[in-house]
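Q: I have a structure here, written as structure tokens, and I will follow up with some questions on it.
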Ligand code: HEM
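Numbering (the numbering used here), first residue to last: 558 to 772.
Here it is in structure tokens:
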């Protein structure tokens, strides 16, 4: 029990810090995304800045809602309090995922790093809703453990932006590659990491005995 609380708190801490970072950076410190847009050198099509920025605001807002809703639904205490709230919150999560994906669909063609980055984003746009749908289908079949495991896989993609920026910094600042090249590596590296890490979590800290209170 103690171990479970610790892992959950760790996840909550990382999620809260990232939400705080995403909200302050994109709405307060750099609302015109100047630093991010300064790296867009390989664009094939012209970017309509006001539209792009508004789409980005919606994107970030629902990304944060998805992160919060997902986090809350992994809490055993929340689940024990009310299954109804867990269900409503689950629908909020699904709606947020869809809105993040739709806004991502608009931004993907203009992605930093050009066409190859765009393709990576479009892959995520397919993978994330499919994984989330699997989680939904499993709970409709009353398969609680499978539902939880698919939700772990789905929730991992809430960390897409964090993973991309960490990998980009590693390759750009650490290994001296160009920013856009590092960003493209970041996009594909994130896909690989965000598919592998949940499998490790499911097989280690997320073993069914830990969630026995779920049932
Ligand atoms: C859930 C957590 C997420 C957050 C907080 C988030 C946040 C952001 C932010 C702040 C940007 C603006 C540029 C930057 O600073 O990176 C951005 C861009 C973008 N995001 Fe997300 N995002 C998230 C997840 C996703 C997911 C899952 C996808 C794919 C389905 C996605 C697709 C995109 C695309 C295509 C762009 C434009 C990239 C570019 O112009 O190079 N994001 N995101």
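Where is the CB? At the ideal position from N, CA and C, for every residue including glycine.
1) Using the beta-carbon count (16 or more within 10 Å), is residue 595 buried or exposed?
2) Helix, strand or coil: which one does DSSP assign to residue 607?
3) Give the secondary structure of residue 589 by DSSP, where H, G and I count as helix, E and B as strand, and everything else as coil.
4) On the CB-based measure, 16 or more other CB atoms within 10 Å of its CB, does residue 580 come out buried or exposed?
5) I'd like the list of long-range same chain contacts for residue 617, defined as Cβ closer than 6 Å, with 5 residues on each side in sequence excluded.
6) So what's residue 563 in DSSP terms, helix, strand or just coil?
7) Tell whether a beta-carbon distance below 7 Å holds between residue 741 and residue 673.
8) Would the stretch 653-672 count as touching the stretch 608-623 if we require 3 or more Cβ pairs under 8 Å?
9) Roughly how many whole angstroms lie between the Cα atoms of residue 679 and residue 668?
10) Would you call the stretch 641-648 and the stretch 710-718 in contact, with 3 or more CB pairs under 8 Å?
11) Give the secondary structure of residue 671 by DSSP, where H, G and I count as helix, E and B as strand, and everything else as coil.
12) Count the other C-beta atoms from every protein chain shown that fall within 10 angstroms of the C-beta of residue 605, then say buried if there are 16 or more, exposed otherwise.
13) Hey, quick one: how far does the alpha helix (DSSP H) through residue 663 stretch, first residue to last?
14) For residue 754, which residues of its own chain have a beta-carbon under 8 Å away from its beta-carbon, when the five flanking residues on both sides are left out?
15) Give the straight-line distance between the Cα atoms of residue 570 and residue 675, rounded to the nearest whole angstrom.
16) Between residue 629 and residue 646, is the Cβ-Cβ spacing less than 7 Å?
17) Smallest Cα separation from residue 590: which of 731, 757, 610?
18) Please report how far the alpha carbon of residue 666 lies from the alpha carbon of residue 681, in whole angstroms.
19) Figure out for me which residue from 739, 721, 720, 722 has the closest Cα to the Cα of residue 729.
20) With a threshold of 6 Å, establish whether the CB of residue 617 neighbours any heavy atom of the ligand MN.
21) Terminal residues of the continuous alpha helix (DSSP H) containing residue 706?
A: The relevant details are as follows:
1) exposed
2) helix
3) coil
4) exposed
5) 579, 583
6) helix
7) yes
8) yes
9) 10 Å
10) no
11) coil
12) exposed
13) 640-664
14) 713
15) 31 Å
16) yes
17) 610
18) 13 Å
19) 739
20) Ligands displayed in this structure: the ligand HEM; the ligand MN is not among them.
21) 701-713
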